[in-house]
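Numbering (our numbering), first residue to last: 27 to 292.
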């Protein structure tokens, strides 16, 4: 069994119909899928996708995380986390965490202090509800996003559980993340990465702390580059990771599935 721990397949503009997504996933051995919201207008889309496709779920379990992406930090209602909280509590059977949340200093769509404040409020929400988080932490022209993340996590005294999705940073920041008990998401980038430092980070990641993800519709792995990504492509990601780690595909599949099912309680 395989799990897609982070994707965005519920969007109205997603190119693959739900019945095809789920049939392809089942055929590839992907039995659990977590779709992530990113905007306030996205919350209901994620919930509706999971609910409306319930009849198709004989072989694939669908779940959602609800949260807002750092790109949206400058345009949120004052009570945004209370809105998210109410939706989580009303749908606790299918909503298993808070995400996609985080910091993005690559595009810098919002002031850093504002991004940090929005992230802190969503981390507090997750801690209050005893739920894991899926975090988008991306450094860039605006600086090292992990330099602001780590003190924020430490302020919560180890209570934040979850993963840094699509980890594409340094081995030093990987160590900081792992020291705080977090997991890291590996996606299709592993199949086409050309950055030596990221390659070192991938090789340094202990399999016991990796969860697999597609981030669909983006970041399709080889041999699907240029196509709309989908959860069934988790198999190719697992195969690339197995070669890199020098272990069997079955080992990667079993360990990463155990990791995410325990972490996300799915």
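For every residue, glycine included, the Cβ atom is placed at its ideal position computed from N, Cα and C.
- Beta-bridge partners assigned by DSSP to residue 193: none are found.
- Straight across, the Cα-Cα distance linking residue 99 with residue 110 is about 14 Å.
- For residue 127, the enclosing beta strand (DSSP E) begins and ends at 121-130.
- Between residue 123 and residue 172 a beta carbon distance of about 21 Å is seen, past the 8 Å cut, so the two are scored as non-contacting.
- A Cβ-Cβ separation of about 25 Å leaves residue 230 out of contact with residue 33 under the 8 Å criterion.
- In the structure shown, the three-state DSSP call for residue 162 is strand.
- Taken through DSSP and simplified to helix, strand or coil, residue 274 comes out as coil.
- The criterion of a C-beta distance shorter than 8 Å is not satisfied by residue 160 and residue 136.
- Runs of the alpha helix (DSSP H) lying entirely within the stretch 69-152, each at least 4 residues long, are 69-78, 106-116 in chain order.
- For residue 250, no pairing in a beta bridge is given by DSSP.
- Secondary structure of residue 29 (DSSP, three-state): strand.
- Annotated three-state conformation of residue 209 is strand, per DSSP.
- Residue state for residue 288 is assigned as helix, using DSSP reduced to three classes.
- Of the residues assessed, residue 177 falls on the exposed side of the cut-off, its CB having fewer than 16 other CB atoms within 10 angstroms.
- Collapsing the DSSP output to three states places residue 240 in coil.
- Contact between residue 29 and residue 64 is absent: CB atoms are separated by about 20 Å, not below the 8 Å threshold.
- Between residue 85 and residue 52, the gap from beta carbon to beta carbon is short of 8 Å.
- Residue 269 sits in a helix when the DSSP states are folded into three classes.
- Contact holds between the stretch 236-255 and the stretch 208-228, because three or more Cβ pairs, one in each stretch, are under 8 Å apart.
- According to the DSSP secondary-structure assignment, residue 56 is paired through a beta bridge with 28.
- Annotation: residue 71 to residue 154 spans about 24 Å, alpha carbon to alpha carbon.
- DSSP places residue 66 within a helical segment (H, G or I) once states are collapsed to three.
- The beta carbons of residue 145 and residue 289 sit no closer together than 8 Å.
- Contact between residue 292 and residue 58 holds, since their C-beta atoms are separated by about 6 Å, short of 8 Å.
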